[in-house]
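What follows is one structure encoded as structure tokens, with my remarks underneath.
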């Protein structure tokens, strides 16, 4: 299970001209592991990056390079027989599972007024935000 949190904080300056310059702090919880106890409590891990970028209104910045490799040791065994000291090795297997992850975050900057309305709003931009429409599939006759 992967859980991610949104951008933790962007602090742009209080000016209304382009480009937008801000300090971006990202906080993510890329993976959730479950403990081996009966309660199955999740264990969260976080990764953080802090950067300063200059970007024009409507432009997208790609933040990446947060790479991670998790190694899990998995032991499978036959109940009771796998617990016998010497002979039990024949009835159990030990495997190392490697999981590599690379976190890439896309941030699109938009200038807004203190009231929250877009500063440079055009109808063309609103059309770009709409999700694409899927074509209709014709019904097949049997």
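Residue numbers (the working numbering): -7 to 134.
Note that the Cβ used here is the ideal one computed from N, Cα and C, for glycine as well.
Where residue i falls: helix, strand or coil (DSSP)
| i | result |
| --- | --- |
| residue 75 | helix |
| residue 56 | strand |
| residue 111 | coil |
| residue 82 | helix |
| residue 125 | coil |
| residue 42 | strand |
| residue 93 | strand |
| residue 102 | coil |
| residue 161 | There is no way to answer for residue 161, as the model of the chain reaches only from -7 to 134. |
Cβ neighbour criterion (16 or more within 10 Å) applied to residue i
| i | result |
| --- | --- |
| residue 107 | exposed |
| residue 127 | exposed |
Check whether residue i and residue j have beta carbons under 8 Å apart
| i | j | result |
| --- | --- | --- |
| residue 87 | residue 66 | yes |
| residue 69 | residue 83 | yes |
| residue 169 | residue 81 | Outside the shown range of the chain, which is -7 to 134, sits residue 169, and nothing can be said about it. |
| residue 96 | residue 54 | yes |
| residue 52 | residue 99 | yes |
| residue 56 | residue 112 | no |
| residue 125 | residue 89 | no |
(message) So, does the region 44 to 59 touch the region 73 to 89, judging by three or more C-beta pairs under 8 Å?
(response) No, because fewer than three Cβ pairs between the region 44 to 59 and the region 73 to 89 fall closer than 8 Å, the two stretches do not touch.
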